[in-house]
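To start, the structure under review is shown below, and the notes come after it.
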């Protein structure tokens, strides 16, 4: 499934690359177009989140009222969601689709010869075998290694990955001596933290003040969960950014920038 989407994305990315002649610029344009295509779903998700937040108070009342009657509770909850024209699984489809896109982009960026240039597999495998025979260490991203080693002599596997003086084929964890490889991952981490903080602030602004002790306890629990995420997500971001090619980090960085702007606009437009 991921190969299928990576292949489609690859045709689009290659089409853009043939116009601009630069891998980094092509990735940026591709990211913008993809986010624009996903905008209707993002707006729908934002509205769903708002509506879901609104009915949670009613769900809690039902849970307290029918805590000893699970059958009646399920029926009342289904009636509630039906009256609000919602599904208990609203938002799941969007989350699943986003996960598919993330993994497909990873496939695309880590194997650009297969999914972007659509080079014959025999050519790619032949070069991979040759590089492995001449190197003591196996490359983490074999097709990236082919581009770096053979791109200058064979235009079939050539991609211009020079972007503002940075080689987007480099992997930070394998190039500690070059401080420049940490620029894009660093920007990615910063925007990840900013995006997370923005989401937290937006959610906090939407919450209605609760006077009941039980409601306050729930708020404290959510706050603790958010606090944990605030620590874990940057760590995960750093880990991924360090072991991925810079091309992937560039995609994530641009995606984060667009996401921040998107959330600010959608939140303002979708206010009740």
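Numbering (this note's numbering), first residue to last: -16 to 255. In this text, a Cβ means the ideal position worked out from N, Cα and C, and glycines have one as well.
- Remark: three or more beta-carbon pairs, one from each stretch, lie closer than 8 Å, so the segment 79 to 92 and the segment 224 to 241 are flagged as touching.
- By the criterion of a C-beta distance shorter than 6 Å, residue 141 is surrounded in its chain by 134, once the five residues flanking it on both sides are discounted.
- Per DSSP, residue 165 lies in no alpha helix (DSSP H) segment and is marked neither H nor E.
- Note: residue 149 is bridge-paired with 146 in the DSSP secondary-structure output.
- In the structure shown, the three-state DSSP call for residue -16 is coil.
- A distance below 6 Å between beta-carbons, with the five flanking residues on each side excluded, links residue 98 to the following residues of its chain, in chain order: -11, -10, -7 and 91.
- 240 is the residue among 252, 248, 240 and 250 whose C-alpha sits nearest the C-alpha of residue 15.
- Between the alpha carbons of residue 168 and residue -2 lies a gap of roughly 26 Å.
- Distance from the CA atom of residue -16 to the CA atom of residue 48, rounded to whole angstroms, is 44 Å.
- The beta carbon of residue 245 lies closer than 8 Å to those of 18, 22 and 25 in the same chain, with the five residues before and after it left out.
- DSSP places residue -11 within a helical segment (H, G or I) once states are collapsed to three.
- Considering only 128, 183, 106 and 172, the residue with the shortest C-alpha distance to residue 115 is 128.
- Residue state for residue 118 is assigned as coil, using DSSP reduced to three classes.
- Between residue 7 and residue 151, the gap from beta carbon to beta carbon is short of 8 Å.
- Residues 45 and 49 of the same chain have their beta carbon placed closer than 7 Å to that of residue 59, with the five preceding and five following residues left out of the count.
- DSSP places residue 134 outside both helix and strand once states are collapsed to three, so it counts as coil.
- Counting only residues of its own chain and dropping the five nearest sequence neighbours on each side, residue 182 has a CB closer than 8 Å to the CB of 246.
- Taking residue 55 as the centre and dropping the five residues before and after it, the same chain places the C-beta of 49 closer than 8 Å to its C-beta, in chain order.
- In this chain, the alpha helix (DSSP H) harbouring residue 62 covers 53 to 66.
- For residue 51, the number of other beta carbons within 10 angstroms of its own is below 16, and it is reported as exposed.
- Put simply, of 225, 178 and 118 the residue whose alpha carbon is nearest the alpha carbon of residue 161 is 225.
- Counting the other Cβ atoms within 10 Å of the Cβ of residue 155 gives 16 or more, which makes it buried.
- Assignment of residue 103 by DSSP, reduced to helix, strand and coil, places it in the coil class.
- Collapsing the DSSP output to three states places residue 50 in coil.
- One alpha carbon belongs to residue 179, the other to residue 27, and they sit about 20 Å apart.
- Exposed is the label assigned to residue 159, since fewer than 16 other Cβ atoms lie within 10 Å of its Cβ.
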